[in-house]
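Numbering follows my numbering, in which position 77 of the sequence shown is assigned residue number 114; successive positions increment by one, without gaps. C-beta: ideal position from N, C-alpha, C; glycine also. Predicted model, so just to flag it, every value in this text is computed and none were measured.
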Amino acid sequence: MPWIQLTLSSTEEHAPQVGDMLMANGAQAVTYRDAADNPIFEPPLGKVLLWKHSLVTGLFDAAVDMKPVIANLEKAKVLPSPLQYKLDGLEDKDWEREWMDKFHPIQFGERLWICPSWREVPEPSAVNILLDPGMAFGTGTHPTTAMCLRWLDGNPPTNASVVDFGCGSGILGIAALMLGAKHAIGIDIDRQALIATVENAERNGVADAFDVYLPSEQPTAKAELVLANVLAGPLRELAAVILDYVAPKGRLVMSGILERQADDVMAAYQHAIDFDPVVVDGDWVMLSGVRSR
């Protein structure tokens with residue numbers, strides 16, 4: 038189905054109200070972005086942060102007559118007069134199919150491959166993880182995940198127990214198991230992530246060795262390897278929780294951290310972890326180290 042996008046300029050204060058007005062006038066969805074295209078990488082948990090100058094976009098069925106919609110919005114006191122707006126047609130596509138077509142097998146290190154479950158594996162003799170991320174984060178295409186996968190390929194966790202903290206699609210825990218780990222625990226706040234992790238573990242034949250939990254259900258456990266690919270804020274705030282999973286002399290691998298945030302994250306762990314040199318990929322970093330105390 039073809040669509041029309043109606044974009045309006047607004048202030049941070051009034052952007053939510055503008056979004057509500059778009060929905061009230063028939064928008065099927067509303068998105069917010071910065072007029073200067075500055076991303077917010079890490080909003081506080083449970084909060085939606087906007088920008089001083091925001092763009093609010095409503096998505097409408099192309100069959101909708103936009104003239105009365107614009108006439109209604111022109112009456113709104115929170116929008117400038119005359120109304121400043123932009124209308125764009127949006128090509129009708131099978132977005133899921135387009136995403137699937139662009140997701141190709143990717144190699145990490147020497148022998149680890151992440152392969153979409155709908156494609157043939159390029160190296161049958163390699164360690165091939167068949168992945169269907171569904172609605173959960175984690176395909177290996179983002180630098181944070183890629184750095185962790187390359188680390189696992191270079192440091193196979195043979196016979197190790199593993200905690201995948203913020204497991205998403207389960208990609209890191211599954212990779213650890215397929216590279217020799219004996220057991221993995223996946224923890225995530227999102228039930229959809231746990232469902233995706235279980236399905237992907239079943240797809241790769243490691244479900245019997247991979248248990249998943251919500252944080253409220255997470256067991257008391259010590260692991261020889263803890264993987265935490267989340268964000269800098271949760272890594273700092275949950276340092277005591279994450280460290281509690283790391284066994285004496287166990288290893289900790291963390292990512293989801295911007296380069297400018299690395300020192301702050303390390304400061305939260307340096308009393309217990311001897312860190313390796315920082316690994317950098319673009320704007321992102323990975324931290325790894327051994328629990329020394």
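Start-to-end residues for the beta strand (DSSP E) that takes in residue i
i, result
"Q42", "40 to 48"
"E261", "260 to 266"
"A246", "From DSSP, A246 is part of no beta strand (DSSP E); its letter is neither H nor E."
"A221", "220 to 224"
"H90", "90 to 98"
"D201", "198 to 202"
"D125", "122 to 127"
"V164", "164 to 168"
"Q144", "143 to 145"
"P153", "149 to 153"
Rounded separation between residue i and residue j - CA only
i, j, result
"L289", "T195", "15 Å"
"L92", "L59", "12 Å"
"I107", "N62", "9 Å"
"R240", "L168", "8 Å"
"C152", "N165", "7 Å"
"N266", "T181", "7 Å"
"W321", "W188", "15 Å"
"F145", "V200", "20 Å"
"L116", "A233", "42 Å"
"G56", "E50", "12 Å"
"R330", "A276", "14 Å"
"T94", "L124", "10 Å"
"I208", "I41", "36 Å"
"G191", "H308", "26 Å"
"N75", "D227", "Caution applies to N75, whose pLDDT of 46 falls short of 50 and renders its modelled position unreliable; the model cannot decide the point."
"Y69", "Q229", "24 Å"
"D71", "L45", "12 Å"
"C204", "N109", "45 Å"
"R273", "E111", "46 Å"
"S198", "S47", "51 Å"
"P39", "P105", "19 Å"
"P332", "D301", "Missing from the structure shown is residue 332; the chain here goes from 38 to 330 and no further."
"A52", "V67", "11 Å"
"P356", "A218", "In this structure the chain extends from 38 to 330, so residue 356 is not present and cannot be described."
"E147", "L186", "11 Å"
"H179", "L120", "39 Å"
"D318", "L96", "35 Å"
"K114", "L43", "18 Å"
First through last residue of the alpha helix (DSSP H) which encompasses residue i
i, result
"K112", "First-last for K112: undefined, no H or E at that position."
"Q229", "228 to 240"
"G191", "180 to 191"
"D281", "276 to 282"
"G210", "208 to 215"
Assumed close pair residue i, residue j - CB separation to whole angstroms, cut-off 8 Å
i, j, result
"P142", "W155", "About 11 Å; that fails the 8 Å criterion."
"V235", "A244", "6 Å"
"A260", "A284", "6 Å"
"A246", "L214", "5 Å"
"G223", "L216", "Not a contact, Cβ separation roughly 16 Å."
"G287", "D311", "About 12 Å; that fails the 8 Å criterion."
"Y306", "L280", "7 Å"
"V316", "M184", "6 Å"
Buried versus exposed call for residue i [16 or more other C-beta atoms within 10 Å across all chains shown]
i, result
"A99", "exposed"
"S292", "buried"
"A212", "buried"
"G126", "exposed"
"R328", "buried"
"D225", "buried"
"Q65", "exposed"
"Q298", "buried"
"L251", "exposed"
"G210", "buried"
"S253", "exposed"
"S118", "exposed"
"A269", "buried"
Any beta strand (DSSP E) of 3 or more consecutive residues that is wholly inside the segment 52 to 76: 66 to 71
Runs of beta strand (DSSP E) lying entirely within the segment 290 to 323, each at least 3 residues, in chain order: Annotation note: the segment 290 to 323 contains the following uninterrupted beta strand (DSSP E) runs of length 3 or greater, listed N- to C-terminal: 310 to 312, 316 to 318.
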